[in-house]
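Residue numbers (the numbering used here): 6 to 309. A short write-up of the structure that comes next.
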Ligand SMILES: Cc1cc2nc3c(=O)[nH]c(=O)nc-3n(C[C@H](O)[C@H](O)[C@H](O)COP(=O)(O)OP(=O)(O)OC[C@H]3O[C@@H](n4cnc5c(N)ncnc54)[C@H](O)[C@@H]3O)c2cc1C
């Protein structure tokens, strides 16, 4: 594996920005984590293919990143290439006749949610306040207890580096689970078409406001975090379980179980990834001891 060879092979390539040793704390909502050996922003489909070809040839591992809002990056960073989707993947087109929005995977989910609202399209209100990109949301099947993004997906387009081709999945081709999908991990989501329904703008706005108010009331939005750390076990509320173990406020270094929402582990300032990982392990072990339940993380780990 050689960063140097990759940089040389991509130098002068149009539509690709290449940065060496880029600190990933700049690209995660946790505001922590070490550097990626390479940080590539691909602004077009062709640029993405080119970058993947070179990485494959040089034997350098890679990962695709949205806005890093569900990610814990190790303090030592990541020895491979982090790829993000740039300009061409941020566009979206709304078709009022079919009530659909087709958007690039790099588009901010908040922009797509606002587009739906401003066009009087209902179905995405649940996603207001979820940070990140549309690609990240589809990959995570992001949502709330009531609704999740997969339920409004009509089709998605992905690139499969292993097969060297574009693929299309309809809603029914994908198994949509709780914060998980059956889309293979090595496929890159490029675009999604969302099917919404005509709605009343006043009602859409009221639903969004209600949801945002609930978030402001129940989540520590002022502190860097990755949102919920653990998935809710079947029929249980993980936040309540952690709280009942007396762990609200528990901290190691700069990482703390939020006193506001026990399933959020926040960076109170200067936390290391190691601090966060140790708090995660402590919560996991304490809940297992108290309930006999092995919690599953919702957060993704990079470089561990
Ligand atoms: C304050 C806060 C509140 C949150 N609230 C919620 C919530 O209510 N509901 C919820 O579900 N989540 C929530 N989250 C978690 C997070 O915002 C979501 O999981 C979000 O959808 C992740 O999007 P992202 O672009 O940041 O993805 P990233 O964190 O960058 O990546 C997440 C995963 O998706 C993969 N991925 C990203 N883009 C692509 C792509 N184009 N193709 C293939 N794979 C890709 C990555 O490889 C990674 O495995 C919250 C987070 C925070 C910080």
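By construction, the Cβ of each residue, glycine as well, lies at the ideal position given by its N, Cα and C atoms.
From residue i to residue j, what distance separates their C-alpha atoms?
i	j	result
residue 24	residue 45	6 Å
residue 81	residue 105	42 Å
residue 77	residue 240	26 Å
residue 293	residue 238	12 Å
residue 137	residue 231	10 Å
residue 7	residue 283	32 Å
residue 204	residue 252	43 Å
residue 50	residue 260	38 Å
residue 153	residue 202	16 Å
residue 193	residue 219	33 Å
residue 39	residue 99	38 Å
residue 95	residue 121	16 Å
residue 298	residue 266	19 Å
residue 115	residue 225	19 Å
residue 281	residue 103	45 Å
residue 61	residue 175	28 Å
residue 131	residue 13	45 Å
residue 227	residue 68	28 Å
Please tell me whether residue i and residue j are closer than 7 Å, where the distance is taken between their beta carbons.
i	j	result
residue 159	residue 200	yes
residue 29	residue 110	no
residue 73	residue 48	no
residue 268	residue 243	yes
residue 213	residue 157	no
residue 118	residue 126	no
residue 314	residue 55	Because the chain is modelled from 6 through 309, residue 314 falls outside the range shown and cannot be assessed.
residue 173	residue 162	yes
residue 113	residue 59	no
residue 303	residue 233	yes
residue 71	residue 155	no
residue 139	residue 108	yes
residue 34	residue 229	yes
residue 52	residue 21	yes
residue 246	residue 184	no
residue 250	residue 291	yes
residue 79	residue 308	yes
residue 37	residue 278	yes
residue 66	residue 11	no
residue 236	residue 301	yes
residue 135	residue 197	no
In the DSSP assignment, the alpha helix (DSSP H) including residue i goes from what residue to what residue?
i	result
residue 292	278-296
residue 15	8-15
residue 208	206-223
residue 247	243-249
When we look at the beta-carbon of residue i and count the other beta-carbons within 10 Å, is it buried (16 or more) or exposed?
i	result
residue 306	exposed
residue 210	exposed
residue 101	exposed
residue 171	exposed
residue 83	buried
residue 27	buried
residue 9	exposed
residue 91	buried
residue 286	exposed
residue 5	An answer regarding residue 5 cannot be provided, because it is not within the stretch 6 to 309 covered by the chain.
residue 178	exposed
residue 275	exposed
residue 263	buried
residue 148	buried
Return the first residue and the last residue of the beta strand (DSSP E) that residue i is part of.
i	result
residue 114	Residue 114 -> not in any beta strand (DSSP E); alpha helix (DSSP H) instead, spanning 114-123.
residue 109	105-109
residue 141	No beta strand (DSSP E) holds residue 141; the alpha helix (DSSP H) holding it covers 139-145.
residue 162	158-165
residue 265	No beta strand (DSSP E) contains residue 265, which DSSP labels as neither H nor E.
residue 151	Taken as a continuous stretch (DSSP letters only), residue 151 belongs to no beta strand (DSSP E), as it is neither H nor E.
residue 305	305-307
residue 100	97-100
residue 189	Where residue 189 is concerned, there is no enclosing beta strand (DSSP E), given that its DSSP letter is neither H nor E.
residue 89	83-90
residue 174	170-175
residue 24	21-28
Is there at least one non-hydrogen atom of ligand 2 closer than 6 Å to the beta-carbon of residue i?
i	result
residue 135	Ligand 2 is not part of this structure, which contains only ligand 1.
In the segment 41-78, which residue ranges form an unbroken beta strand (DSSP E) of at least 3 residues, counting only runs that do not cross its ends?
-> If one requires a minimum length of 3 residues, the beta strand (DSSP E) runs lying completely within the segment 41-78 are 67-70 and 76-78, in chain order.
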